[in-house]
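Worksheet: the structure to be examined is printed underneath.
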Amino acid sequence: APQSEDRKGPFGLVRDEIDCVTERLRRDIFTEIPALERAAEYFFQAGAEGKRLRSTMLLLMSSALAPAPPGIEFLTVDSSPPAEHPPSVRRRQQRIAEITELIHVASLLHDDVIDSAGTRRGKKSLNAVFGNKVAILAGDFLLARASVSLSALRNPEAIMLMSQSLEHLVAGEILQLTADAEEAASLDHYMRKTYCKTASLMANSCKSVAVLGGHSPTDCHLASEYGRHVGLAFQLVDDIMDFTSSADEMGKPAVNDLRSGLATAPTLYAAEEFPELLPLIQRRFKEEGDVEAAEEMVRRSRGLERAGELAAFHAADAAMCVESLSPAATAHAKEHRAALIDITHKVLNRKK
Ligand code: FPP
Ligand code: MG
Ligand code: MG
1 APQSEDRKGP FGLVRDEIDC VTERLRRDIF TEIPALERAA EYFFQAGAEG
51 KRLRSTMLLL MSSALAPAPP GIEFLTVDSS PPAEHPPSVR RRQQRIAEIT
101 ELIHVASLLH DDVIDSAGTR RGKKSLNAVF GNKVAILAGD FLLARASVSL
151 SALRNPEAIM LMSQSLEHLV AGEILQLTAD AEEAASLDHY MRKTYCKTAS
201 LMANSCKSVA VLGGHSPTDC HLASEYGRHV GLAFQLVDDI MDFTSSADEM
251 GKPAVNDLRS GLATAPTLYA AEEFPELLPL IQRRFKEEGD VEAAEEMVRR
301 SRGLERAGEL AAFHAADAAM CVESLSPAAT AHAKEHRAAL IDITHKVLNR
351 KK
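The sequence shown begins at 1 in the numbering used here and counts up one residue at a time.
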């Protein structure tokens with residue numbers, strides 16, 4: 001596609017800067033330990049849109065709040081060591097994008113071990129290639145590197161926010177793993193888990209870039225709420241796609257959640273229409289024919305539709321957060337706000 005096409009839309013706006021963030025990760029982190037080159041493939045070759053959602057959101061948010069557009073000097077790869085304090089606000093915000101991707105990839109590496117997943121985004125998972133021990137340690141290494149980079153920001157609030165999102169990721173996984181029969185069938189429990197495993201990292205990283213930019217408590221809160229609502233919408237759509245997309249499209253097996261014993265929003269809503277679904281949810285679909293029967297009821301119910309409506313509410317709330325930010329300082333900031341709103345639509349309409 002011609003370059004002008006590539007630059008359109010929310011992803012195009014900050015693409016060059018994301019490329020710098022990505023390049024720094026590849027150079028400094030993934031090549032340091034040979035096995036991590038494989039981990040780098042998660043980061044570089046995922047579907048064009050899903051892949052850089054987090055860092056794109058963060059750089060768009062940085063610009064949406066900035067008093068002036070970033071200079072072109074920020075479109076070079078930051079070659080300073082992770083432990084060195086970046087002198088400019090923009091470099092510190094780029095670090096948050098980097099740290100967020102590190103945490104995200106680390107959580108996927110660990111998740112694939114926990115889920116015994118053989119594939120990730122259409123490729124063999126790291127655990128499938130190198131085994132669980134290497135995959136766990138690779139994830140730990142990325143987390144360790146993220147901690148060094150985070151502490152170098154010398155901003156206690158950002159350190160606290162990002163550390164809390166780490167805590168939430170682990171808590172979300174534990175909530176999912178240890179849910180009793182009642183919790184497994186509870187929409188409330190599902191939403192709490194969804195916040196922890198997906199929305200918290202988006203919320204806290206968005207808030208961190210606002211905090212590093214020195215913005216007002218209200219704007220910092222709105223940034224956080226934007227990330228939270230986008231995260232909830234994103235995960236709801238993910239859980240819908242588990243029913244509606246093919247394995248090829250997603251790069252992982254379809255109807256995987258039921259097979260893994262998990263009732264997500266579409267199934268939980270379906271159970272309100274078909275109470276006979278409840279015992280299946282509570283025994284985690286482990287009897288012969290449970291998965292097929294549950295899938296059938298979900299498809300006959302309004303479950304997928306209602307989950308989509310909930311996702312749309314969260315996407316609209318996210319857009320509202322952007323509109324409520326204090327007035328944009330420049331046309332550049334305004335354009336980046338429009339892109340943040342565009343992201344809320346893209347999250348809803350994505351197909352993978
Ligand atoms: C993917 O969910 C998993 C997560 C979003 C978070 C996993 C978190 C941990 C394993 C806790 C450890 C955290 C860190 C930071 C090391 P999924 O399994 O539902 O989705 P999938 O289909 O993408 O695998
Ligand atoms: Mg998984
Ligand atoms: Mg999992």
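Beta carbons are placed, not taken as given, at the ideal position from N, Cα and C, and that holds for glycine.
C-beta atoms of residue i and residue j nearer than 8 Å
i: R154; j: H85; result: yes
i: G213; j: V89; result: yes
i: M202; j: V230; result: yes
i: S151; j: S200; result: no
i: L310; j: A294; result: no
i: L187; j: L268; result: yes
i: A265; j: M297; result: no
Unbroken alpha helix (DSSP H) run spanning residue i, endpoints
i: A135; result: 132-151
i: R228; result: 217-244
i: N204; result: 200-212
i: T76; result: Here T76 belongs to no alpha helix (DSSP H), and DSSP marks it neither H nor E.
i: I341; result: 331-349
i: C20; result: 15-25
i: Y269; result: 265-273
i: L60; result: 53-65
i: C321; result: 303-323
i: V170; result: 156-178
i: P279; result: 278-282
i: E287; result: Element bounds for E287: n/a, residue is neither H nor E.
Residue i CB to nearest heavy atom of ligand 1 below 7 Å
i: H168; result: no
i: G139; result: yes
i: K193; result: no
i: T119; result: no
i: T22; result: no
i: K197; result: yes
i: A319; result: no
i: L187; result: no
Distance cut-off 7 Å: residue i Cβ against heavy atoms of ligand 3
i: I354; result: Nothing can be reported for residue 354, as the shown portion of the chain is limited to 1 through 352.
Residue i Cβ short of 7 Å to ligand 2 heavy atom set
i: D115; result: yes
i: D112; result: yes
Strand pairing of residue i, partner residues [DSSP]
i: T119; result: K124
Supposed close pair residue i, residue j - CB separation, criterion 8 Å
i: V255; j: R350; result: Wrong, their Cβ atoms sit about 19 Å apart, outside the cutoff.
i: D111; j: R91; result: Contact doesn't hold; Cβ gap of about 30 Å is too wide.
i: Q94; j: V148; result: With 8 Å as the limit, Q94 and V148 do not qualify as a contact, their Cβ atoms being about 15 Å apart.
i: L75; j: A339; result: Incorrect: roughly 17 Å between the Cβ atoms, too far for contact.
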